[in-house]
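Visitor: Residue numbers (numbering that gives the first Met the number 0), protein chains in the order written: chain A, 0 to 479; chain B, 0 to 486.
Glycine residues also receive a C-beta, built at the ideal position from the N, C-alpha and C atoms.
Here it is: the structure, laid out below.
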Amino acid sequence: MAERKPIKGITTEKTEKLIADTLAEMPEKTQKKRAPHLGANEPSASPCAVKSNKKVVPGVMSQRGCAYAGAKGVVWGPIRDMVHVSHGPVGCGVYSWGTRRNLMQGIPGVTSFPMDFTSDFQERDIVYGGDLKLEKLLREADELFPLNKGLSVLSECPVGLIGDDINAVAKKMENELGKLVVPCNCEGFRGVSQSLGHHISNDSIRDHIIGKFEFKEEPGPYDVALIGDYNIGGDVWAAKPILEEIGLNVKSVWTGDGEVEKIGATHSVKLNLIHCYRSMNYMCKVMEEKWGIPWLEYNFFGPTKIEESLRAIGECFDDKIRKNVEKVIRKYKPVMQAVVDEYKPRLDGKTAMLFVGGLRPRHTIGAYEDLGIQITGAGYEFAHQDDYDRTAPEMAKGTLIYDDVSEFELEKFVEELKPDLVGSGIKEKYVFQKAGIPFRQMHSWDYSGPYHGYEGFKIFARDIDMAINSPTWDLVKAPF
Amino acid sequence: MSAVAAVKFVTETPPEEIERVKAWINSEEYKEKNFARTALVVNPAHACQPLGAQMVATGFEGALPFIHGSQGCASYFRSTFSRHYREPAAATCDAMTEDGAVFGGQNNLFEGLENAYALYKPKMIPIFTTCMPEVIGDDLTAFTRNAKLQGFIPEDLPTPYANTPSFNGTHIHGYDSMLLSILQTLTDGQKVEGKCTGKLNIIPGFDGNVGNLREYKRILELMGIPYTMLADVSDVFDSGCDGEYKLYPGGTRMEDAAESINGKATLSLQKYSTVTTMKWIESEYDGEKAILPMPFGVKKTDELLLKLSELFDKPIPTELKAERARAVDAMTDAHQYLHGRKFAIAGDPDYLLGIVSFLLEMGARPWHVLCSRATKKFQKEMDALLASSPFGEGCTCYINKDLWHMRSLLVTDPVDGIIGDTHAKWAARDARIPLFRIGFPIIDRVNLHRTPVVGYTGAISMLTMLANKFLDIKDETCEDQWFEMMR
Numbered sequence: 000m001a002e003r004k005p006i007k008g009i010t011t012e013k014t015e016k017l018i019a020d021t022l023a024e025m026p027e028k029t030q031k032k033r034a035p036h037l038g039a040n041e042p043s044a045s046p047c048a049v050k051s052n053k054k055v056v057p058g059v060m061s062q063r064g065c066a067y068a069g070a071k072g073v074v075w076g077p078i079r080d081m082v083h084v085s086h087g088p089v090g091c092g093v094y095s096w097g098t099r100r101n102l103m104q105g106i107p108g109v110t111s112f113p114m115d116f117t118s119d120f121q122e123r124d125i126v127y128g129g130d131l132k133l134e135k136l137l138r139e140a141d142e143l144f145p146l147n148k149g150l151s152v153l154s155e156c157p158v159g160l161i162g163d164d165i166n167a168v169a170k171k172m173e174n175e176l177g178k179l180v181v182p183c184n185c186e187g188f189r190g191v192s193q194s195l196g197h198h199i200s201n202d203s204i205r206d207h208i209i210g211k212f213e214f215k216e217e218p219g220p221y222d223v224a225l226i227g228d229y230n231i232g233g234d235v236w237a238a239k240p241i242l243e244e245i246g247l248n249v250k251s252v253w254t255g256d257g258e259v260e261k262i263g264a265t266h267s268v269k270l271n272l273i274h275c276y277r278s279m280n281y282m283c284k285v286m287e288e289k290w291g292i293p294w295l296e297y298n299f300f301g302p303t304k305i306e307e308s309l310r311a312i313g314e315c316f317d318d319k320i321r322k323n324v325e326k327v328i329r330k331y332k333p334v335m336q337a338v339v340d341e342y343k344p345r346l347d348g349k350t351a352m353l354f355v356g357g358l359r360p361r362h363t364i365g366a367y368e369d370l371g372i373q374i375t376g377a378g379y380e381f382a383h384q385d386d387y388d389r390t391a392p393e394m395a396k397g398t399l400i401y402d403d404v405s406e407f408e409l410e411k412f413v414e415e416l417k418p419d420l421v422g423s424g425i426k427e428k429y430v431f432q433k434a435g436i437p438f439r440q441m442h443s444w445d446y447s448g449p450y451h452g453y454e455g456f457k458i459f460a461r462d463i464d465m466a467i468n469s470p471t472w473d474l475v476k477a478p479f
Numbered sequence: 000m001s002a003v004a005a006v007k008f009v010t011e012t013p014p015e016e017i018e019r020v021k022a023w024i025n026s027e028e029y030k031e032k033n034f035a036r037t038a039l040v041v042n043p044a045h046a047c048q049p050l051g052a053q054m055v056a057t058g059f060e061g062a063l064p065f066i067h068g069s070q071g072c073a074s075y076f077r078s079t080f081s082r083h084y085r086e087p088a089a090a091t092c093d094a095m096t097e098d099g100a101v102f103g104g105q106n107n108l109f110e111g112l113e114n115a116y117a118l119y120k121p122k123m124i125p126i127f128t129t130c131m132p133e134v135i136g137d138d139l140t141a142f143t144r145n146a147k148l149q150g151f152i153p154e155d156l157p158t159p160y161a162n163t164p165s166f167n168g169t170h171i172h173g174y175d176s177m178l179l180s181i182l183q184t185l186t187d188g189q190k191v192e193g194k195c196t197g198k199l200n201i202i203p204g205f206d207g208n209v210g211n212l213r214e215y216k217r218i219l220e221l222m223g224i225p226y227t228m229l230a231d232v233s234d235v236f237d238s239g240c241d242g243e244y245k246l247y248p249g250g251t252r253m254e255d256a257a258e259s260i261n262g263k264a265t266l267s268l269q270k271y272s273t274v275t276t277m278k279w280i281e282s283e284y285d286g287e288k289a290i291l292p293m294p295f296g297v298k299k300t301d302e303l304l305l306k307l308s309e310l311f312d313k314p315i316p317t318e319l320k321a322e323r324a325r326a327v328d329a330m331t332d333a334h335q336y337l338h339g340r341k342f343a344i345a346g347d348p349d350y351l352l353g354i355v356s357f358l359l360e361m362g363a364r365p366w367h368v369l370c371s372r373a374t375k376k377f378q379k380e381m382d383a384l385l386a387s388s389p390f391g392e393g394c395t396c397y398i399n400k401d402l403w404h405m406r407s408l409l410v411t412d413p414v415d416g417i418i419g420d421t422h423a424k425w426a427a428r429d430a431r432i433p434l435f436r437i438g439f440p441i442i443d444r445v446n447l448h449r450t451p452v453v454g455y456t457g458a459i460s461m462l463t464m465l466a467n468k469f470l471d472i473k474d475e476t477c478e479d480q481w482f483e484m485m486r
């Protein structure tokens with residue numbers, strides 16, 4: 000891949016000075032801790048110079064969540080036909096109820112469960128333990144929601160601290176109910192971010208779900224699974240049809256709009272296609288080791304990356320699929336060109352800074368670039384080294400890389416780099432909008448979407464244009 | 000051998016089975032089973048203590064809320080506030096992890112306080128806890144004292160703290176504990192015998208509607224009563240966009256909070272979210288104390304004005320009399336659209352009492368009132384309110400039930416509309432009735448938190464919201480021959 004052209008006004012020296020000036024305002028110990036997480040991009044550097052996946056520095060106002068958030072919000076919540084129990088006090092379940100936008104089909108409360116199930120721990124549960132309550136509530140849940148295809152038990156902080164044994168309860172109840180009961184020890188204090196919650200959840204899927212089911216129909220040569228698409232704003236519904244259009248047979252989706260038995264039968268597919276590498280690479284590796292299933296990372300943000308990805312997917316199959324890929328690319332080319340023609344004139348030359356979870360900063364760069372927008376800064380809440388290694392070549396030299404950025408740092412960086420758009424989360428959104436800087440939430444698609452696939456790009460382009468070119472920004476400065 | 004150890008085939012639920020369960024969950028039989036559960040909570044209508052604590056902590060000028068506990072909790076609280084208000088919600092956290100569980104959270108607190116103070120330069124750091132330090136038994140009194148002794152933060156920086164375990168009470172109790180602690184800290188040594196500021200201390204309670212807070216202040220200004228609003232989040236959670244982000248855009252001034260102990264009177268407008276605070280104020284503060292219901296509707300607003308008039312020996316100004324008359328005018332004009340309409344209401348105790356009072360005034364019929372964490376005392380108070388009007392007849396007040404119970408109520412004993420926060424939208428949809436969004440959080444509509452629902456003007460707003468929605472529904476759903484110009 001050709002290196003990005005330098006961005007006007009961005010140099011390694013200037014970026015390093017900005018980092019140094021920002022660090023200078025911190026206590027000495029904090030400077031030392033934070034310095035390795037901030038850097039000027041070197042596209043050819045391997046590994047990327049920025050450190051990641053370390054503990055949050057207390058008190059700096061990190062934007063990170065916790066292992067429970069990664070487990071419930073990311074991996075489990077989207078599986079539509081399971082009852083997901085937030086086991087512990089009431090808060091975690093309430094805050095994560097419906098706030099990720101992992102849309103799902105089904106009849107709520109009948110065949111799908113986009114709800115908040117909790118054991119609502121009270122003081123007595125802390126004192127006497129919650130295992131008996133858990134047992135009872137699983138029985139109640141299965142009775143009241145009989146069409147569930149399984150139940151997950153997602154531990155909140157106190158459960159692990161008081162020494163409850165949810166694994167034993169789950170095992171007992173799985174026998175009693177004759178259904179999957181999956182324990183997930185994803186207490187919020189475990190690890191350093193959401194990321195460990197993903198990993199623990201992947202392990203639970205490995206131990207309790209995968210390999211437990213078989214598809215009735217015989218495996219076919221074009222069977223694939225879609226891994227790491229959580230159907231935010233309907234992403235799966237924009238991505239899956241493209242794969243089907245090139246002739247592939249999407250047998251299961253992990254986990255957006257997902258069905259647990261199909262997830263449990265995924266070990267029969269020919270190829271795993273993974274979108275969110277950060278949250279689900281673990282299971283791809285497990286399936287590769289245990290069943291020899293190859294996996295391929297792909298990117299369905301923006302036409303350039305979609306084309307690249309489709310061709311790479313085609314290479315994993317025969318001529319029939321490869322021909323279909325070219326046909327599909329030809330079919331959508333004019334459609335995508337029309338989108339670019341409409342929006343690029345208003346967006347060309349603009350800059351954006353991104354700070355999202357573990358995938359999107361690098362994955363969406365292509366879509367921004369399709370619209371003529373350059374990325375001057377990017378970072379992740381909970382990425383690891385391998386994510387940053389994948390990011391460096393996608394960014395121009397000297398651009399700013401920040402890991403687990405604090406509000407203090409991000410404010411300074413945005414103030415200095417003056418991007419035309421910031422793409423990040425709800426906690427960051429209004430800080431920048433108050434400053435008159437256009438913003439889009441890039442976790443939730445800002446209540447819009449889908450952004451994946453060809454259909455998604457139309458919406459993405461419209462949204463980015465709307466954010467940057469809204470006439471409301473002209474009103475920010477009063478004439479008096 | 001485990002029942003699922005053997006490999007099974009992927010199953011499809013038969014359509015007739017889906018239809019059966021779909022009908023069953025709307026049945027009386029299901030309702031009974033649903034109400035019989037004792038362990039499982041489904042779709043609760045309350046949040047946890049630290050959320051309420053953060054609201055209070057946000058309401059003082061220059062204060063930076065500080066969460067002692069897990070990082071994820073902090074992000075959940077901040078996100079919840081930002082989604083509801085569409086505003087920044089700054090708060091720091093000392094991000095305890097596994098080693099904190101073993102060694103305690105003192106080192107996290109030290110480092111967290113040092114960084115929070117250095118980076119964000121707060122005038123006060125109110126500290127509150129999440130489950131984790133509560134379970135392991137961290138001693139915050141000792142920890143904060145040590146933090147000052149060891150120089151992580153200045154000795155004179157106020158660091159009130161509250162224990163706010165999520166396995167106890169709800170967000171309104173966290174509100175109470177944090178408010179108490181902040182007032183105890185700031186008023187310490189400030190009491191001067193015989194000194195009276197001549198001001199009213201007003202406590203709005205856990206109220207996600209900043210319009211309500213502004214409405215209280217407007218009423219006090221019209222009455223010419225000097226006041227200090229304690230935990231005033233209105234300028235923080237409703238700040239303007241002028242091109243500059245301000246970390247501390249408002250809140251109760253520290254000196255005003257300190258002086259509040261020498262006030263002429265202290266008034267709480269939410270009994271249930273200020274129980275311990277008002278008990279302490281009762282014994283420590285100078286001046287009169289009063290706890291009034293939230294002024295929803297005409298009568299409760301009358302009660303507020305009469306109390307203010309009495310406490311400060313001020314007449315009720317012409318403007319407010321005119322406002323009252325306009326509200327009554329609107330209510331008499333539109334009574335026909337609400338009279339006899341049945342409502343379900345879910346929410347916090349003080350909100351419920353207010354909304355029910357307004358509905359009774361309109362001749363509407365509160366029918367299912369549900370509070371997902373409340374005491375018998377609340378239930379008695381609600382029952383008494385319902386008994387005070389013939390329109391309260393037939394209404395049941397449910398405590399310690401959730402929104403899945405509410406769903407059963409709505410589908411077996413239908414009503415015309417439900418009043419509650421956004422979480423009630425699922426039950427409303429299943430029952431095919433409108434949801435009137437009053438409460439916290441409202442995360443799917445814009446600006447409702449800016450329109451007051453208290454006071455005479457609030458009564459007009461509520462009436463407008465309710466009546467026009469029923470008229471919209473009629474226009475949108477009636478057959479052609481019933482579609483007409485006037486309504």
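1) Among B/PRO164, B/VAL191, B/SER180, B/LEU307, whose alpha-carbon lies nearest the alpha-carbon of B/ILE218?
2) Can you give me the Cβ contacts of B/GLU18 inside the same chain, cut-off strictly under 6 Å, excluding the 5 residues immediately before and after it?
3) Determine whether the Cβ of A/CYS183 lies closer than 8 Å to any Cβ atom of chain B.
4) Determine the direct distance from the alpha carbon of A/MET282 to that of A/ILE226, and round the result to whole angstroms.
5) Can you check whether the CB of B/GLY250 is closer than 8 Å to the CB of B/THR196?
6) Name the DSSP beta bridge partners of B/PHE342, please?
7) Taking all protein chains shown into account, decide if A/PRO418 is buried (16 or more other Cβ within 10 angstroms of its Cβ) or exposed.
8) What first and last residue would you give for the beta strand (DSSP E) that runs through A/ARG329?
9) Between A/VAL84 and A/THR254, how many whole angstroms is the CB-CB distance? I'm expecting something under 8 Å.
10) So, does the CB of B/ILE17 fall closer than 8 Å to a CB anywhere in chain A?
11) Among B/LYS216, B/ASP415, B/GLY339, which residue has its Cα nearest to the Cα of B/ASP429?
12) Rounded to whole angstroms, what is the Cα-Cα separation between B/ILE418 and B/GLY168?
13) Pull up the distance between the alpha-carbon of A/GLN384 and that of A/ARG310, whole angstroms please.
14) Less than 8 Å between the beta carbons of B/LYS216 and B/MET228, yes or no?
15) Go through its chain and collect everything with a Cβ distance to A/GLU260's Cβ below 7 Å, but skip five positions before and after it.
16) Using CA coordinates, which residue listed in B/ILE126, B/CYS130, B/PHE34 is at the minimum distance from B/ALA146?
17) So, does the CB of A/ILE165 fall closer than 8 Å to a CB anywhere in chain B?
18) Rounded to the nearest angstrom, what separates B/MET381 and B/CYS396 at their Cα positions?
19) Just how far apart, CA to CA, sit B/GLY58 and B/LEU50?
20) Counting only the same chain and skipping the five closest in sequence on each side, list residues whose C-beta sits under 8 Å from that of A/PRO392.
21) Look up B/PRO132 in the DSSP assignment and say whether it is helix, strand or coil.
22) In chain order, what residues of the region 51 to 67 of chain A put their CB closer than 7 Å to some CB of chain B?
23) Is there a Cβ from chain B that is less than 8 Å from the Cβ of A/LEU140?
24) Quick one: measure Cβ to Cβ for B/LEU199 and B/LEU310, integer angstroms, because I've assumed they're closer than 8 Å.
25) Contact criterion: CB-CB distance below 8 Å. Does B/HIS45 meet it with respect to chain A?
26) What residue range does the beta strand (DSSP E) around A/PHE438 cover?
27) Could you please tell me which residues of the region 9 to 34 of chain B, in chain order, have their CB closer than 8 Å to any CB of chain A?
28) Go ahead and pull the three-state DSSP assignment for B/GLY353.
29) With a threshold of 6 Å on Cβ separation, who are the neighbours of A/LEU195 within its own chain once the five nearest residues in sequence on each side are excluded?
30) Give the straight-line distance between the Cα atoms of A/VAL126 and A/GLU155, rounded to the nearest whole angstrom.
31) Interface residues of chain B around A/GLY26 at Cβ under 8 Å?
32) Over what stretch of residues does the alpha helix (DSSP H) that includes A/GLN432 continue unbroken?
Guide: Well, looking at it:
1) B/LEU307
2) none
3) no
4) 9 Å
5) no
6) B/PRO365, B/GLY416
7) buried
8) That residue, A/ARG329, is in no beta strand (DSSP E); its alpha helix (DSSP H) goes 318 to 346.
9) Incorrect: roughly 16 Å between the Cβ atoms, too far for contact.
10) yes
11) B/ASP415
12) 23 Å
13) 27 Å
14) yes
15) LYS148, PHE212
16) B/ILE126
17) no
18) 7 Å
19) 13 Å
20) MET0, GLU2, PRO42, SER43
21) helix
22) LYS54, VAL55, VAL56, PRO57, GLY58, VAL59, MET60, SER61, GLN62, ARG63, GLY64, CYS65, TYR67
23) According to the sequence provided, residue 140 of chain A is Ala. The question's Leu does not apply to it. At least one chain B Cβ lies under 8 Å of A/ALA140.
24) 7 Å
25) yes
26) 438 to 440
27) VAL9, THR10, THR12, GLU16, ILE17, VAL20, LYS21, ILE24, TYR29, LYS32, ASN33
28) helix
29) ALA66, ARG189
30) 16 Å
31) The residue you asked about is not Gly; residue 26 of chain A is Pro in the sequence shown. Those within 8 Å of A/PRO26 in chain B are GLU113, ASN114, ALA117.
32) 425 to 433
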